[in-house]
Structures are given as C-alpha cells and as structure tokens.
Amino acid sequence: MNRKKGILICGHGSKDPEGVNGFKELVRLLKIRYPDYEVDYGFLEFSHPVYAAAVERLYTNGIREIIAIPAILFAGGHAKNDIPYEMNALQSQYPDLKITLGKHFGITPSILQLSKKLIEATESKLTPLDRKESCLLVVGRGTSDPDANSDIAKMTRMLWEGMGFGFATTTYIGVTQPLLKDTLPLVNQLPYKRVVVLPVFLFTGVLLKKIYTQVQEFAINSDTEFCYTASFECDELLLQTIDERIAEVEQGNPNMNCQLCKYRTQIIGFENEVGKEQKGHHLAVKGILFEEEEKIAVKKVPFSGLKKLLGI
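So in numbering that gives the first Met the number 0, spot 215 of the sequence shown is number 214, and the numbers just go up one at a time.
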C-alpha cells in the first residue's frame with residue numbers, strides 16, 4: 000500500500016478551456032511543491048475528471064488518506080454544500096479511506112497581497128496618478144449566500160483602506176445585486192479620474208471575459224479612465240494560501256468560520272434555510288438525478304453503479 004497521503008484539489012470546472020488549463024497548471028505546481036504527497040484534482044462540473052474519478056485514481060494507487068482542498072475563493076454554496084456533499088458521498092464508498100475536507104481559500108494576508116500586486120501591475124502601465132484620484136471597483140462572482148457576498152465587500156474595504164484609494168465599492172457579475180452593468184454608470188458619476196476594476200477570480204473563464212467586455216464597452220463613451228487587473232492565476236501568493244489550508248488539515252483544524260452561515264443560524268431574509276438538507280445541485284450535469292419522493296441520494300448508490308452512471 001502507498002503510505003503517501005493524497006491531496007485532492009477540488010476545482011469547480013469551466014466551459015472555457017483557458018480556465019481549465021490555468022487550474023491544471025496550478026495542480027502541476029502543487030505536485031512539485033508537495034513531492035511527499037500524491038496530488039490529484041477533480042471538477043464539480045463542466046470539466047473532467049469529476050471528483051469520483053479522481054478519488055478512485057488515488058485509491059487505486061494505494062492512497063488511504065486524502066486531504067481535499069476546495070479551490071474556491073469564498074464560502075458560497077459550492078464550499079458549504081456541493082463539495083462537502085460530494086466528499087461525504089464518496090467517503091461512504093470506501094470503508095478504509097479517510098477523506099478530510101479543508102477550508103475554502105477565503106481572505107488571507109496572501110490573497111490581499113496578491114490583489115495589491117495585481118492592482119499595482121495594472122497601474123504601472125498607465126500614466127502616474129495619485130491613488131486618491133482613483134476609485135477601486137471590486138467585482139465578485141456573486142452567489143445566493145450573503146456570507147460569501149459579504150466577504151467580497153470586506154475585501155474591498157481592506158484594500159480601500161490599505162492602498163489609499165479615494166473611494167471603493169463592490170459589485171458582482173451575477174446572481175446578486177448590484178450587478179456590474181448597473182454599477183459602472185454609478186461610479187462613472189463620481190469625481191475620480193480613474194476606475195480600477197479588480198475581478199476576484201482564480202483563473203480566466205467565461206465570467207472574467209464577460210467582466211472585461213462590459214468594462215471595455217462602457218469605457219468607450221466615458222471620460223473616466225477604466226482599467227482592470229488580471230485574475231489570480233498561479234501566483235506564489237496564491238500557493239501560500241493553499242499551503243495554509245493544507246497545514247490546517249494536517250494540524251487538525253480545517254474548520255471554516257460558520258458564524259454567519261445561513262444554514263446554521265438565523266440570517267435576516269434567509270431564515271427558512273437554517274438546517275437545510277445538504278445535497279449537491281450538480282447531479283443533473285453528471286446524469287445523476289434525484290427522485291425527491293423517494294429521497295434517493297448518491298450515497299445510497301453502490302460505487303460500481305456510481306462509476307457506471309458517471310461513465311468512468
């Protein structure tokens with residue numbers, strides 16, 4: 000039996016091949032960074048391999064302990080519900096396998112430093128300008144979870160105060176308000192010469208390109224200078240955050256902060272979601288559907304049957 004532990008990097012997946020390639024490059028660097036572990040990866044949807052295939056591959060290679068790290072920036076439904084559900088379901092298929100789920104990336108000093116680095120790299124290509132004459136516009140993915148959305152707003156505030164922008168605000172590309180398309184006209188009315196757009200995304204993809212397009216199209220008819228940063232990609236500072244998450248699991252403290260989780264406590268406007276049943280909502284993507292009346296869950300499907308359903 001392989002005495003190594005496994006590290007499973009749990010990606011979301013993308014319809015954009017560039018985004019998938021960026022994620023695979025991250026995994027490649029982690030394999031070099033963690034030679035004493037067997038590092039593998041899987042996706043929640045849109046891309047292959049799915050988590051089940053990755054876990055089977057690790058298991059077949061003799062791995063009996065897996066550290067699963069969600070490659071997710073903030074604790075929305077994917078980090079709180081979908082990935083834990085998938086790991087729990089897979090854990091039940093292997094009695095002698097231990098899967099320990101780590102925390103999502105979240106806001107760390109390294110993530111803030113990386114954001115600062117990206118902003119400065121963008122500013123360096125432009126005419127020098129006192130930052131007090133610039134507005135920072137931080138763009139999040141947007142989720143149905145106010146806890147995750149508020150983390151983007153917190154990040155905005157920390158960068159605003161830490162970097163000395165004249166003003167900063169938060170917007171989203173989908174799901175929640177305010178949307179980027181509605182925020183651009185608002186910041187355009189502010190008395191700032193430049194708007195620096197920071198998309199908080201790990202890699203390029205459909206949504207990041209949508210952000211760039213919206214900013215470009217709006218800027219054509221504006222007297223304000225609009226610019227935007229790159230995504231996080233595989234920067235050393237991002238790798239340091241992953242180091243923290245792996246170390247937390249090894250030290251037995253991988254817990255996320257659930258103080259404001261809508262599934263655990265009464266949050267204004269989301270009271271009916273406390274104690275909501277945990278189940279993945281990506282099953283249709285893989286061809287696995289629930290029959291609600293009979294409450295058939297993936298964990299009740301024999302793994303041989305699961306592999307057949309997943310086509311692996």
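Note that beta-carbon positions come from the ideal geometry of N, C-alpha and C, so glycine has one too.
In the DSSP annotation of this structure, the continuous segment of the beta strand (DSSP E) that includes R193 starts and ends at 193–198. Separation of the CB atoms of S221 and N187 is rounded to 5 Å, and the pair is thereby assigned contact status at 8 Å. Sorting T170, G18, D129, M157 by C-alpha distance to the C-alpha of S109 places M157 at the top. When Q213, C134, M162 are compared, the shortest CA-CA separation from G173 is found for Q213.
Look at L136 here: in three-state DSSP terms it is strand.
For E44, there is no enclosing alpha helix (DSSP H), as DSSP gives it neither H nor E. Per the coordinates, the alpha-carbon of G61 lies some 45 Å from the alpha-carbon of Y227.
The secondary-structure analysis by DSSP pairs F22 with nothing; it has no beta-bridge partner.
Here V205 has S13, K14, D15, G18 as same chain residues with Cβ atoms under 8 Å from its own Cβ, once five neighbours each way along the sequence are excluded. Taking all protein chains in view, the Cβ of K180 is surrounded by fewer than 16 other Cβ atoms within 10 Å, so the residue is classified as exposed. In the DSSP annotation of this structure, the continuous segment of the alpha helix (DSSP H) that includes E216 starts and ends at 205–218. The three-state secondary structure of Y84, taken from DSSP, is helix. Per the DSSP secondary-structure output, C226 pairs in a beta bridge with V195. In the three-state scheme derived from DSSP, where H, G and I count as helix and E and B as strand, T155 is classed as helix. Within the same chain, L117 come within 7 Å of A229 by CB-CB distance, once the 5 residues on both sides are set aside.
Look at L237 here: in three-state DSSP terms it is helix.
The beta carbon of G251 lies closer than 6 Å to none in the same chain, with the five residues before and after it left out. Spatial neighbours of V26 in its own chain (CB-CB distance under 6 Å, excluding positions within 5 residues in sequence) are listed in chain order as I8, Y40. Shown here, G10 sits in a strand according to DSSP, grouped into three states. Cβ atoms of I106 and I65 stay farther apart than 8 Å, at about 26 Å. A direct Cα-Cα distance of roughly 8 Å separates E247 from K102.
Closest by C-alpha distance to C134, out of P145, R32, T170, is T170. For H11, the closest alpha carbon among the candidates P48, Y33, D35 is that of P48.
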